[in-house]
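The structure under discussion appears below in the form of structure tokens.
There are 2 protein chains.
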Amino acid sequence: MSSWNNNNRYHSESSYAPSAPSLPDQHQQPQPHYSNNNNNNAPSNYHHAPPPPSSNYGSGYYGQVSSSSYSFPQGTNPDVIRTFQMFDRDQSGFVDDKELQQALSSAFHNFNIATIRFLIFLFKDPRQPLRIGPKEFSALWNCLGQWRGIFERYDKDRSGKIDPLELRDALYGIGYAVPGSVLQLLLSKYGDGSGRRVELGFDSFVECGMIIKGLTEKFKEKDTRRTGSAKLSYDEFMSMVIPFLVSYD
Amino acid sequence: MSSWNNNNRYHSESSYAPSAPSLPDQHQQPQPHYSNNNNNNAPSNYHHAPPPPSSNYGSGYYGQVSSSSYSFPQGTNPDVIRTFQMFDRDQSGFVDDKELQQALSSAFHNFNIATIRFLIFLFKDPRQPLRIGPKEFSALWNCLGQWRGIFERYDKDRSGKIDPLELRDALYGIGYAVPGSVLQLLLSKYGDGSGRRVELGFDSFVECGMIIKGLTEKFKEKDTRRTGSAKLSYDEFMSMVIPFLVSYD
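Line order of the protein sequences matches chains X and G. Under the UniProt record's numbering, think of the first position of the first sequence as 1, with each following residue one higher. Under the UniProt record's numbering, think of the first position of the second sequence as 1, with each following residue one higher.
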């Protein structure tokens with residue numbers, strides 16, 4: 001039984017996850033208030049005022065089909081342009097998965113290739129093969145910058161790792177009140193498989209954040225009345241989910 | 001717009017995917033009949049008589065929570081027991097991801113570790129960490145045997161690869177009439193990312209098959225009236241989907 005349906009507070013616009021995380025410097029960080037049902041692990045019980053949506057968060061399946069032109073958006077940080085040009089070794093105007101892995105590792109964190117392919121799928125022009133052009137590269141770069149700010153804000157003990165409670169608070173801080181059971185299921189995918197407490201590095205944190213954000217946004221598109229429920233056809237359901245499955249190749 | 005909703009034939013029990021693929025020797029293989037709307041790439045337009053469901057297909061999220069006892073089901077092939085014992089090197093009564101990778105590679109195909117972790121998640125006792133006991137090992141072994149039979153049946157040119165049309169026919173043959181758009185989306189996750197025509201080896205074929213089967217079964221649990229649509233809460237949706245996301249670690 002869904003906790004949404006157990007909690008009338010969740011049948012309101014303001015208590016639903018917002019359409020996108022805001023930029024770190026725009027974050028509202030409400031102190032979580034718990035309900036009186038002693039289910040303190042369920043973020044669904046938060047009273048939650050979501051932050052304002054961000055407009056420049058990703059592309060591709062996020063709705064905006066961006067064309068991979070060879071130009072960067074106006075005002076793109078010159079370092080981003082230089083990095084793209086440095087790693088677009090064949091001057092194709094695109095970076096493929098391996099080039100992107102090197103580019104992001106130089107500036108952010110060492111991402112494994114499966115994660116890189118996942119990021120490309122989230123940001124690429126759907127008409128393109130597994131590669132991104134300047135616009136998508138710039139959007140991805142900005143997005144990772146936002147996630148890095150969020151990571152640093154919620155890694156309170158500066159351990160370079162986010163623990164499950166910090167992850168829950170980080171997602172909540174950007175407007176995603178994710179039920180504890182859902183987070184637990186997601187986190188069971190990480191770690192060494194021993195069942196020991198999971199701590200997420202930046203790369204896994206970004207994956208978790210993008211999975212929660214992306215799936216929630218997809219669901220919201222179908223839950224137009226913000227009831228916490230949506231009627232989906234089989235085709236819609238499959239088409240919503242499959243983009244979040246990585247290639248196992 | 002979902003092709004289910006465009007096609008009244010799909011508002012019937014018999015045209016929905018069955019609850020599980022049958023054993024290869026039980027397969028009905030109806031010849032696809034296309035509707036007259038010239039949408040010949042859409043399996044949703046098949047008239048489809050699903051085969052009878054199989055009862056011994058997997059465990060874990062398939063609904064039956066199987067306990068990891070140290071005993072094999074009665075009638076387990078001695079080769080399966082020997083293989084389990086051979087790769088359970090620490091005699092723990094369980095095989096972990098790396099042990100399973102070696103065991104399956106010795107008998108079926110070289111699966112990459114992400115695929116192995118995915119298979120474990122599908123079959124393991126949810127109360128267990130990332131490892132499986134004799135019962136789950138036996139169920140997984142039987143399941144892979146079924147998929148191998150299906151693979152060999154539909155790899156008509158004996159190329160050792162399944163092309164997109166062969167995949168569509170294979171899924172249809174075991175009762176999953178998957179819309180072409182959904183298969184195309186799934187296949188875009190495979191291959192070298194160049195956008196060239198994808199051909200699936202046995203490991204990718206098993207992944208695709210289990211993703212389609214698993215997600216379809218999950219959806220069907222919510223579509224009790226077999227209308228091709230289901231009302232899902234946010235929590236239900238997230239909990240249905242997350243098990244199909246692999247760990248990127």
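The C-beta atom is built at its ideal place from N, Cα and C for all residues, glycine as well.
Review point. By the criterion of Cβ-Cβ separation under 8 Å, what are the contact partners of X/Ile132 in chain G?
Key: The contacting residues do not exist; X/Ile132 stays about 11 Å from chain G at best.
Review point. Skipping 5 residues on each side, what residues in its chain have a beta carbon closer than 7 Å to that of X/Leu215?
Key: Phe244
Check your understanding: Just the Cα atoms here: how many angstroms apart are G/Phe121 and G/Lys156?
Key -> 31 Å
Check your understanding: So is G/Gln91 buried or exposed if we call it buried at 16+ other beta carbons inside 10 Å?
Key -> exposed
Check your understanding: Can you name the residues of chain X whose CB is closer than 8 Å to the CB of G/Val182?
Key -> Asp235, Met238, Ser239, Ile242
Check your understanding: Going by other Cβ atoms of all chains shown within 10 Å of its Cβ, with 16 needed for buried, is G/Asp79 buried or exposed?
Key -> exposed
Check your understanding: What in chain G is Cβ-close to X/Ala103, meaning under 8 Å?
Key -> Simply none; closest approach about 16 Å.
Exercise for review: Give the straight-line distance between the Cα atoms of X/Tyr234 and X/Asp163, rounded to the nearest whole angstrom.
Suggested key: 35 Å
Practice item. Could you check which residue in G/Gln184, G/Asp96, G/Tyr176, G/Lys98 has the C-alpha nearest to that of X/Pro126? Key: G/Gln184
Review point. So, is G/Arg168 buried or exposed, given that buried needs 16 or more other C-beta atoms within 10 angstroms?
Key: buried
Check your understanding: Are any of the Cβ atoms in chain G nearer than 8 Å to that of X/Ser229?
Key -> yes
Review point. Just by C-beta distance, which residues in the segment 138–150 of chain G are closer than 9 Å to chain X?
Key: none
Practice item. Would you mind listing the beta strand (DSSP E) stretches within the segment 170–238 of chain X that are 3+ residues and don't spill past its ends, in chain order? Key: 229–233
Check your understanding: Count the other CB atoms within 10 Å of the CB of X/Ala107; is the residue buried (16 or more) or exposed (fewer)?
Key -> That one is exposed.
Review point. According to DSSP, what are the bridge partners of G/Ile162?
Key: G/Leu200
Point to revise | CB of X/Val95 within 8 Å of CB of G/Ser239, strictly | key: no
Check your understanding: What are the partner residues of G/Ile132, as DSSP defines its beta bridges?
Key -> The secondary-structure analysis by DSSP pairs G/Ile132 across a beta bridge with G/Val95.
Check your understanding: Whose C-alpha, out of X/Glu217, X/Thr224, X/Met210, is nearest the C-alpha of X/Phe118?
Key -> X/Met210
Check your understanding: What three-state label does DSSP hand G/Gln85 in the structure shown?
Key -> helix
**Study point:** X/Lys161 and G/Ser229 closer than 8 Å at C-beta
**Key:** Contact: no.
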